[in-house]
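Each remark here refers to the structure printed beneath this line.
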Amino acid sequence: MNVMYQINPEVTQYEGYVDLNGQFIPFSMADEVFTRARAIGARVLLRLELNEGNKLTGIFYTNDNGLCA
10 MNVMYQINPE
20 VTQYEGYVDL
30 NGQFIPFSMA
40 DEVFTRARAI
50 GARVLLRLEL
60 NEGNKLTGIF
70 YTNDNGLCA
C-alpha cells in the first residue's frame with residue numbers, strides 16, 4: 010500500500026475546540042454534555058475537524074432540545 014501523506018511525529022494536544030460562534034469550548038464541558046445526555050437517554054454527536062490554521066473546530070448535534078443552549 011502506498012502512503013499518500015506523512016504523519017508529523019510531533020504530537021499536538023488540544024484542551025478543547027472552537028464552536029461555530031467562535032467560542033472556545035473546553036473538553037471538560039463537552040464531557041459534561043455527554044454525561045447529561047446519557048442520563049436522559051439522548052443521542053449526541055460531536056463532530057471535530059482541523060481547519061487550515063490547525064485549529065480544532067467542532068459542532069454538537071443532538072436529538073434533544075433540552076441539551077441545546
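Quick note: the sequence shown uses this note's numbering, first residue 10, plus one each step.
Every residue gets a Cβ at the ideal spot worked out from N, C-alpha and C, and that includes glycine.
Q | Range covered by the alpha helix (DSSP H) that runs through E41 | A | Residue range 36 to 49 is occupied by the alpha helix (DSSP H) that includes E41.
Q.
Once the 5 residues before and after L79 are set aside, which same chain residues still bring their CB inside 6 Å of it?
A. Nothing about residue 79 can be read from this structure; the chain reaches only from 10 to 78.
Q) If we ignore side chains and look at the alpha-carbon of each, how far apart do A68 and L29 end up? A) Going by the sequence as given, residue 68 is Ile instead of Ala. The straight-line gap from Cα to Cα measures roughly 7 Å.
Q) In its own chain, which residues sit with a C-beta less than 8 Å from the C-beta of E58, not counting the 5 before and 5 after it? A) Result list for E58: L65, T66, G67, in chain order.
Q) In chain order, what residues of the same chain have a beta carbon less than 7 Å from the beta carbon of A39, not counting five sequence neighbours either side? A) Contacts found: L55.
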